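A.B. asks: Keeping their order, the protein sequence lines are chains A and B.
Read left to right, the first sequence gives residues 2 to 760 (the working numbering).
Read left to right, the second sequence gives residues 22 to 493 (the working numbering).
Cβ coordinates follow ideal geometry from the N, Cα and C atoms, glycine included.
Remember, predicted model here, so these are calculated numbers, not experimental data.
Pasting in a structure now, in C-alpha cells, and then I'll have a few things to ask.
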Amino acid sequence: MKQEKNHKSLKNIDSHGHVRGESIYVDDIAVQQGTLYGAVHDSRVAHGLLKHINVRKAQALPGVVAVFTAADVPGENQIGGIIPDEPLLADKEVHFWGQPIAFVVAQTEDIAREAAQLIEAEITPLPVITDPREAKEKGELIAPPRTFVLGDTAAAWQACTHVYSGQASTNGQEHLYIETQGAYAYPAENGNIKIHSSTQGPTAVQKTTARVLGLPMHAIEVDVTRLGGGFGGKEDQATPWAVMVALAVHHLKRPVKYVLHRMDDMRMTGKRNPYTSDFKIGLDENLKIIAYEATFYQNAGAAADLSPAVLERTLFHCTNSYYVPNVTATAYSCRTNLPPNTAFRGFGGPQGMFVIEAAIAKAAQALGVSAAEIQQKNLLQAGDTFPYGQKAENPEAISSWSAATNRYALDHLAQKVNAFNVANTHHKKGYALMPICFGISFTKTLMNQARALVHIYHDGSVGVSTGAVEMGQGVNTKMLQVAAQVFSIANERIKLETTNTTRVANTSPSAASATADLNGKALEIACRKLLDRLKVVAAEELDLTSVTGVTVREGWVHVQGQKTDLDWNTLVLQAFLKRVSLSEVGHYATPRIHFDQSKEKGHPFAYHVYGTAITEVTVDCIRGTYEFDAVKIVHDFGASMNTIVDKGQIEGGLVQGIGWMTLEELEYNKQGKLLSNALSTYKIPDIYSVPKDIQVEFLAAEGSDLAIFKSKAVGEPPLMYGIGAYFAILNAVRAFNPQVTSVFDAPFTPEKVLTALYE
Amino acid sequence: MIEFILNDTTIATSAAVGTPLLDFIRYQQHLSGTKIGCREGDCGACTVLVGTLHNDGVHYQSMTSCITPLGNAQGKHIVTVEGLNLPQGQLNQVQQAMVNEGGTQCGFCTAGFVVSLGGHCLSHQSSDYSKALAAVDGNICRCTGYKSIERAIQTVDHKLQAKTAGQSLDWLVAQGFLPAYFTDIADRMQTLSVPEPSIKQSTDIDGHYIGGGTDLYVQKPEEMMRSNLYLMFDQEALNKIEVKDQRCYIGAASTVSDVWQSEVMQAHFPQLSQYLKLVSSTQIRNMGTIAGNLVNASPIGDLSIFLLALNATLVLKHQDQTREVPLRDFYKGYKILDKQPTEYVTSIYFDLPTTHTAFNFEKVSKRTHLDIASVNAAIQLKTEGMLIKEAHLSAGGVAPVPLYLAKAAQYLKGKTLSAELVKETTKIANDEVAPISDVRGTATYKRLLLRQLIYAHFITIFEGTLTLEDLV
Ligand SMILES: Cc1cc2nc3c(=O)[nH]c(=O)nc-3n(C[C@H](O)[C@H](O)[C@H](O)COP(=O)(O)OP(=O)(O)OC[C@H]3O[C@@H](n4cnc5c(N)ncnc54)[C@H](O)[C@@H]3O)c2cc1C
Ligand code: FES
Ligand code: FES
C-alpha cells in the first residue's frame with residue numbers, strides 16, 4: 002500500500018533531464034559527419050495548375066547538393082492516411098498555400114533555405130475556396146456526409162414548447178508545440194534507412210516512407226525519444242518532413258536533417274479544423290431538451306488527412322454531457338484550399354460541444370433563465386442512450402456537477418457576480434458552467450490495440466519498450482509505474498526505452514487520450530507473464546511444491562506474505578541460469594468495443610470521462626479586455642495513478658481550451674494565405690493571461706476496468722472545460738449590454754468583446 | 022575578436038558580429054539546452070543570462086539569444102542552462118522546484134524558464150512573488166497552463182526571502198541556487214579585453230546601426246549575418262538617463278528596462294511600471310533600446326507613442342554635426358524618417374512633468390502582455406483645475422506612422438473639462454486617423470478602440486469626476 006501511494010506522486014521521470022537542459026529532441030541529436038540539411042519550397046498560391054518548376058538557380062547555388070521534386074519519388078507520391086488524396090510533393094496541381102513543391106538539400110541550413118527561395122514554380126491560378134459552406138455548395142466534399150440519428154426529431158418538434166435555432170462557429174487552432182516539426186535520417190546498410198522523427202505516429206512515418214520510397218516497411222526504422230509537444234499536430238503531419246529527409250537519404254546515401262523554422266511550420270501545416278454549424282433545439286415546459294438538430298460544416302482544408310475521423314468525433318460528442326431523446330446530426334467534411342487540417346486535442350469533440358452549448362445559451366437567454374438551469378436538467382443518467390447507440394454506464398455527469406456546484410458554492414458565486422455588476426460600470430463579471438463527457442478509445446475500433454516489449458537483463462534491471470510516444474503527457478512515467486507496480490521493484494531498476502518501430506511494430510499513434518490505457522495494458526500483460534515465470538523459478542529456488550502464495554514485494558520474494566531471503570536480482574539471475582526467457586511481449590486489444598458505420602450505431606468507447614468546470618471572468622468595459630478570475634473544476638479521473646501528471650494535464654488542457662476560445666485567432670485572407678503566421682501575430686496564453694485561480698478537485702469515482710489501473714484517460718477531456726470561457730465572457734458582456742445579439746463565433750477576442758459591448 | 026565568458030569558459034571567437042548568439046551557443050559550442058521555438062524573441066525557449074560588470078558586481082539580465090547579435094556578448098558573462106547546472110547531476114533550487122511542482126511536461130520550454138528564474142535569483146533586488154513571476158513573462162509554455170510553474174515560482178520566491186543584499190552570490194552558491202564558479206566571474210571579466218567603442222562615424226549607408234537587435238533580427242535575420250553592424254548597445258556614451266535644466270534626457274541606447282529602473286522616470290511617472298509592463302517582455306525590454314523603437318518607426322511603437330505625447334525632441338548626430346528634430350516631425354510616412362542613413366540618435370529629451378501635468382498611457386492588444394498593440398495611445402495635459410491649458414495626444418496603430426494627434430490636441434487647449442468635450446475630442450481624433458484592417462483588428466475596431474482609449478485617458482486622469490456612464 003505504501004508503495005502504491007509513492008507511485009501516485011511519482012514525479013515525471015523526464016523532468017530531471019528537462020530542467021537541466023539535457024533531454025534530447027530531434028535537433029539535439031549529435032549529427033553524423035557529412036550531414037546535409039534540407040529546406041522546402043512551398044506554394045505561394047492556394048490553388049492552381051503547376052506548369053513548371055525551375056530549379057536551375059537553386060541548383061547553381063554553391064553548396065546545394067540536390068533538389069527533389071515529385072519526379073524523384075521512386076514509389077508512390079502519396080502521403081494520405083485515411084484517403085489517398087495528398088502528394089508528398091505537388092504534382093500537376095497545388096491545392097493550398099504552403100503545399101510543398103520541392104525539397105532542397107545543401108551543405109548548410111542557410112544555403113538550403115536560400116536555395117529554396119530561388120526555386121520558381123510556374124502556377125496558373127484557379128479559384129480559391131476558404132469557406133466550408135461555399136465548398137459544400139460546390140460539392141467539394143472530402144467524403145460522403147455522415148448522419149447520427151436517435152429517436153425522431155421531425156416528430157419531436159411538436160412536443161416542444163420552445164424551439165430555437167441559430168448558427169455557431171469555432172475557428173481553428175494552431176498547435177504551437179514549442180518544438181517545431183523535424184526529422185533526421187541516415188543511411189543504414191543495404192539501402193535501409195533510420196529516421197529520428199518528432200512524431201506521435203512512428204508507424205505512420207514508417208509506413209508512408211516505405212510507400213513513397215517503394216520499399217518494404219522493414220527497410221525503414223523510426224525512432225522517437227520524445228516530442229517537444231504534439232497536441233495532435235504531429236499525429237499525421239510529422240510524416241511529410243520525415244519522408245522528405247528519407248527520400249533524400251535514399252538518393253544521396255548521406256545523413257539529412259530538416260527542422261522547420263516556425264513560420265514555415267505555421268504556413269505549411271494544418272491546424273484544428275474550423276467549423277461552422279447550424280443548430281435547432283427544442284425544449285419542453287420543464288426545460289428538458291426534447292430534440293436537437295445540428296448540421297456541421299467542417300473546414301477540412303485541401304486534403305483528407307485525419308478530418309474524416311475528426312468529423313466522426315464531432316458527431317459522437319454533439320450532445321456533450323446531456324441526454325437528448327431525439328437527435329439528428331449531420332456533418333460535412335468540406336474541401337477548401339487551406340492546409341489540410343488535422344488532429345488537435347479533443348479531435349472534433351470540442352467543435353461539436355460548442356454548438357450544443359451555444360444552443361442552450363440561446364434558449365436560456367430567450368427564456369430568461371440561466372443556462373446552468375437547462376444544463377443541469379438534462380445531464381446524462383445511467384442507462385441513457387447516446388446518439389450512437391451506446392448506453393451511459395456509471396456516468397459521472399450529475400455527480401461531478403453536484404460536486405462542483407456544492408464545493409465551489411455556485412449560489413454564492415451567482416450572488417457575488419450580481420452584486421458586483423450592480424455596483425460597477427467599468428467592469429462586469431460573468432460566469433458559466435461547462436460539463437463535459439468525452440469518450441475514450443479510437444473511434445476506429447481496429448486502432449485500439451497495442452504492444453509492449455519487456456526485457457529483464459540478467460542483472461535485474463529492466464528495459465521497457467511500448468508504442469507510446471512521450472510528448473509531455475507523462476506516458477513514460479505511467480509506463481514505468483505499471484512495470485514497477487507489477488514487478489514491485491524500485492523505479493530506478495526500470496528504464497523506458499525510446500519508441501522504435503523495430504522493437505514495437507504496427508503501433509497506433511499516441512493520440513485519442515488512449516495511449517496510457519492501451520500501452521499500459523499491453524505492458525501489464527507482458528510484465529505479468531514474466532512475473533509468472535519468475536515465480537516458478539522462485540518456487541524451485543525455495544523448494545516449494547507450488548507457486549501459490551509466491552509474490553514479489555518491494556524487491557524481495559515473499560511466500561504467504563513472509564519475506565524470504567531471495568531478492569529480485571538473484572531471482573532474475575537464477576532464471577537466466579536456468580535458461581528461462583527474460584523477455585516478453587504483451588499484446589492488448591480493448592474488449593467490448595465495436596461500431597457499425599453503416600448503421601452509425603455501436604459501442605465505440607471503452608468508457609467516458611466526465612467533469613464540470615465553473616469559469617468566472619471580469620470584462621473591462623472601457624477597453625474590451627478581460628481577465629479570468631477563476632476556473633474551478635471537479636474532474637472524474639477514476640482512480641488517478643499519478644496525481645501530479647494528471648493534474649498537469651487538466652491545467653494544461655484547460656488553458657489550451659481557453660486559448661482556443663479567446664485569444665487564438667487564425668486568419669487567412671481570401672487568397673488562402675495565412676496572416677497570423679508567427680508567434681507575434683498568433684497569440685497563445687502567456688503566464689499573465691491564464692486564470693488567476695485554477696482549482697482541480699478529484700471526483701470520488703471508481704474508474705473503469707478498461708482504464709489502466711482504473712485511472713481514466715486524461716489527455717483530451719480538460720480542453721473542453723475551456724469552452725466555458727466563451728460563455729462566461731458572453732454573460733459579462735450581457736451584463737453591460739443586455740441588447741447584445743448572440744453571435745456564437747469563437748474566439749471571443751478583445752475586438753469581438755468591445756464590438757459586442759458597444760453594438 | 023569577440024571575447025566573453027560562456028558559462029565557465031572564456032571564449033575568443035572570430036565569428037561574425039551578426040551571428041545570432043543562439044546559433045553560436047547551440048551549433049558552435051554544442052550546448053543544446055538552449056532551445057529554438059521561434060527565432061523571433063517571442064517564446065523565450067532560447068533565453069540566456071547576460072552578465073555585465075558593474076562596480077557592485079555583475080548584473081545579470083535575461084535576453085533571448087535568437088535575436089541577440091554575437092557582438093553584443095562582448096565582455097559579458099553569458100549563462101545558459103548548462104551554466105546553472107550543479108555538479109554530479111544535482112538540481113539547483115529552481116530546477117528542484119520545477120520538478121517537485123510538475124512545472125515541466127514536454128520540457129521544450131523548460132530550460133528557458135529555468136534560466137529566466139535563475140536571472141531573478143541573481144537580481145540585486147529583494148525578491149517578491151510578482152517580480153519572480155515577471156521574470157518569466159517572456160517565456161511561453163504550451164503544455165502546463167503555467168499553474169505548476171507558478172507553484173514552483175512561489176517556492177523559489179519563498180526561499181529567496183532569506184537572501185541578504187551584501188552576500189548574495191556566496192549565499193546563492195551555498196544554498197544551491199548556483200554552481201560555485203559564479204563567485205570568480207567578476208574577477209575573470211576584468212581580464213577580458215575592452216573593445217573600442219563601435220559607434221565609428223559610419224559612412225556606410227548599407228550598414229546598420231544596431232541596438233538590441235529586437236527589430237532588425239525579426240525583420241531581416243539573413244541580412245544581419247552579412248552586413249556591417251555598428252553596435253550601439255551598452256555604449257556608455259549613449260545609455261544615460263539624466264536631468265538637465267528641467268529636461269529629461271534619455272540616452273539612445275537606454276533599454277526599456279533602463280527607463281523602467283530609472284529613478285527620474287519613476288518619480289515623474291508614478292504609473293510607469295504599469296505602462297512598461299505592457300511593452301514586450303522582460304527579455305525583450307532588457308534588449309530593446311529607445312532609439313531602436315523610434316527609428317524602427319513602427320506605427321505601434323509603444324515608446325514612440327509614449328514620447329510623442331511628451332512632445333519630445335530627438336538629438337541626431339553625424340560626424341561632428343548635431344541636429345535636433347521634434348519627434349512629431351520625425352515621421353514623414355510609412356517608415357520614412359527625417360534622418361540620413363548615416364545619422365544616428367544620441368538621445369531624446371522632453372520637459373519634465375510638473376505638478377500640473379497629467380499623463381496617461383493606454384495599450385490594448387489581443388493578449389495583454391507580450392503582444393503588439395491593436396491601438397495604443399498617450400496623453401499629456403497641463404491643467405489648472407478643470408481647465409486644460411495645454412494638451413498633447415498620440416495614437417498608434419491608426420496611421421502609417423506613430424501619430425501625434427495635432428488637431429485633437431489643439432482642440433482641447435484652453436477648454437474646460439466636460440463629457441461633451443471628451444466626446445468631441447474623440448471625434449476629432451477619429452477624423453485625423455486612417456487605420457487599416459489587419460491581423461491586429463479591423464479598421465472599424467481600431468476606430469472604436471481609439472475612442473475608448475481616449476475615454477480611458479480622461480476617466481483615469483479625472484477619476485471620480487468623469488465615468489464611463491457620462492460618455493456612453
Ligand atoms: C518579441 C518582441 C516583442 C516586442 N514587443 C514590443 C512592444 O510591445 N512594443 C513595442 O513598441 N515594440 C515591441 N517590440 C519591438 C522592439 O523590441 C522595440 O521596437 C525596441 O525598442 C527596438 O529596439 P532595438 O534596440 O532592439 O532595435 P534594433 O533592432 O537594434 O534597431 C531597430 C532600428 O533602429 C535603428 N537604430 C537602433 N539604434 C539606433 C541609433 N542609436 N541611431 C539610429 N538608428 C538606430 C536600427 O538601425 C534599426 O533600423 C518587440 C520586439 C520583439 C522581438
Ligand atoms: S527562439 Fe523563441 S524567443 Fe528565441
Ligand atoms: S512543457 Fe511543453 S512547452 Fe512547456
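1. Compute the minimum distance between the beta carbon of A66(B) and the heavy atoms of ligand 2, and state whether it is under 7 angstroms.
2. Taking 8 angstroms as the threshold (C-beta atoms), are A304(A) and Q341(A) in contact?
3. Listed from N- to C-terminal order along the chain, which residues in the stretch 218-241 of chain A have their beta-carbon within a distance smaller than 9 angstroms of any beta-carbon of chain B?
4. Residues of chain B with a CB under 7 angstroms from the CB of H19(A): which are they?
5. Does the beta-carbon of N507(A) have 16 or more other beta-carbons within 10 angstroms, so that it is buried, or is it exposed?
6. Suppose you measure from the CA of L70(B) to the CA of T224(B); what does that come to, to the nearest Å?
7. Does any C-beta atom of chain A lie closer than 8 angstroms to the C-beta of A66(B)?
8. Keeping to the same chain, check which residues put their C-beta closer than 6 angstroms to that of R778(A); ignore five residues upstream and five downstream.
9. Would you give the residue range spanned by the beta strand (DSSP E) that Y333(A) belongs to?
10. Assuming the contact rule is C-beta atoms closer than 8 angstroms, H459(A) and L583(A) should be a hit. Round their C-beta distance to whole Å, please.
11. Note down, one range per segment and in chain order, each alpha helix (DSSP H) of at least 4 residues found wholly within the stretch 208-275 of chain B.
12. Any Cβ of chain B within less than 8 angstroms of the Cβ of N78(A)?
13. Where Q108(A) and V32(A) are concerned, what is the direct C-alpha to C-alpha distance, given to the nearest angstrom?
14. With a Cβ-Cβ cutoff of 8 angstroms, do R147(A) and A332(A) count as a contact?
15. Step through the CB atoms of chain B and report whether any lies within less than 8 angstroms of the CB of D691(A).
16. Could you tell me which residues DSSP pairs with L70(B) in its beta bridges?
17. Is there contact here, the stretch 523-543 of chain A with the stretch 572-590 of chain A, by at least three beta-carbon pairs under 8 angstroms?
18. From A66(B), G228(B) and N317(B), pick the residue whose C-alpha is nearest to that of L250(B); which is it?
19. Would you mind giving the Cβ-Cβ distance between M308(B) and T89(B), rounded to the nearest angstrom? I have them listed as a contact below 8 angstroms.
20. Tell me which residues of the stretch 452-465 of chain B have at least one Cβ-Cβ distance to chain A shorter than 9 angstroms, keeping chain order.
21. Mind checking whether the beta-carbon of I480(B) lies closer than 7 angstroms to any heavy atom of ligand 5?
22. In chain B, what lies closer than 7 angstroms to A714(A) by C-beta?
23. May I ask you to verify whether the stretch 162-172 of chain A touches the stretch 219-230 of chain A, counting CB pairs closer than 8 angstroms and requiring at least 3?
24. Is the separation between the beta-carbon of S462(A) and that of V553(A) shorter than 8 angstroms?
25. Which chain B residues sit within Cβ distance under 7 angstroms of Y727(A)?
26. Is C87(B) close to chain A? Criterion is C-beta to C-beta, closer than 8 angstroms.
27. For C59(B), return the contacting residues in chain A, with the cut-off set at a CB-CB distance below 8 angstroms.
28. Using a Cβ-Cβ distance under 8 angstroms, would K12(A) count as near chain B?
29. In chain order, what residues of the same chain have a beta carbon less than 8 angstroms from the beta carbon of I526(A), not counting five sequence neighbours either side?
30. Of all the beta strand (DSSP E) runs that stay within the bounds of the stretch 308-342 of chain B, which reach a length of 3 or more residues?
31. Can you name the start and end residues of the alpha helix (DSSP H) that M269(A) belongs to?
32. So what's N407(A) in DSSP terms, helix, strand or just coil?
33. Where do the ends of the beta strand (DSSP E) carrying S415(B) lie?
34. Run through the DSSP bridge pairs and tell me what T125(A) is partnered with.
35. Check distances from the C-beta atoms of the stretch 93-105 of chain B to those of chain A and list, in chain order, the residues that come in under 8 angstroms.
36. Do G197(B) and N121(B) have their CB atoms nearer than 8 angstroms?
C.D. replies: With the structure as the only source:
1. Because some heavy atom of ligand 2 lies under 7 angstroms away, the Cβ of A66(B) counts as near it: yes.
2. The question names Gln, but residue 341(A) is Pro in the sequence shown. Annotated as proximal: P341(A) and A304(A), with beta-carbon spacing under 8 angstroms.
3. For the stretch 218-241 of chain A, the set of residues with a beta-carbon nearer than 9 angstroms to any beta-carbon of chain B comprises R227, L228, G229, G230, G231 and F232, in chain order.
4. Those within 7 angstroms of H19(A) in chain B are T125, G128 and T131.
5. With fewer than 16 other Cβ atoms within 10 Å, it is exposed.
6. Distance between the alpha carbons of L70(B) and T224(B) is about 33 angstroms.
7. Yes, A66(B) counts as interfacial toward chain A.
8. With chain A running from 2 to 760 in the structure shown, residue 778(A) is simply not present.
9. Per DSSP, Y333(A) is one residue of the beta strand (DSSP E) stretching across N327 to R336.
10. The pair is a contact, with the Cβ atoms about 7 angstroms apart (cut-off 8 angstroms).
11. Here the runs fully enclosed are 237-240 and 242-247.
12. No, no contact with chain B.
13. Using only the alpha carbons, I get a separation of about 13 angstroms.
14. In this structure, the beta-carbon distance from R147(A) to A332(A) falls below 8 angstroms.
15. The sequence shown places Val at residue 691(A), not Asp. So, interface residue.
16. For L70(B), which the question treats as bridged, DSSP gives the partners S83(B) and V100(B).
17. Taking 8 angstroms as the limit for Cβ pairs, the verdict is that the stretch 572-590 of chain A does touch the stretch 523-543 of chain A.
18. Taking the Cα of L250(B) as reference, the smallest distance to any Cα among A66(B), G228(B) and N317(B) is reached at G228(B).
19. Right, the Cβ-Cβ distance comes to about 7 angstroms (below 8 angstroms), so this counts as a contact.
20. Those residues of the stretch 452-465 of chain B that come within reach of chain A (Cβ to Cβ, closer than 9 angstroms) are D459, V460, R461, G462, T463 and T465.
21. This structure lacks ligand 5; the ligands present are ligand 1, ligand 2 and ligand 3.
22. The premise fails here: A714(A) is roughly 16 angstroms from chain B at the closest Cβ pair, so nothing lies under 7 angstroms.
23. Cβ pair count under 8 angstroms is below three, so no.
24. Using a Cβ distance threshold of 8 angstroms, S462(A) and V553(A) do not count as a contacting pair.
25. Correct list: empty, because the minimum Cβ distance to chain B is about 16 angstroms.
26. Against chain A, the CB of C87(B) has no partner CB under 8 angstroms away; the residue lies outside that interface.
27. Those within 8 angstroms of C59(B) in chain A are R263, A679 and L680.
28. Interface residue (Cβ-Cβ distance to chain B less than 8 angstroms): K12(A) is classified as such.
29. Cβ within range, chain order: A453, G587, H588 and Y589.
30. Entirely contained in the stretch 308-342 of chain B, the beta strand (DSSP E) runs reaching 3 residues are, in chain order, 334-339.
31. For M269(A), the enclosing alpha helix (DSSP H) stretches over residues R263 to M269.
32. Reduced to three states, the DSSP call for N407(A) is helix.
33. Segment L408 to G417, the beta strand (DSSP E) holding S415(B).
34. According to DSSP, T125(A) bridges with L50(A).
35. The residues in question are T101, V102 and E103.
36. Going by C-beta atoms, G197(B) is not nearer than 8 angstroms to N121(B).
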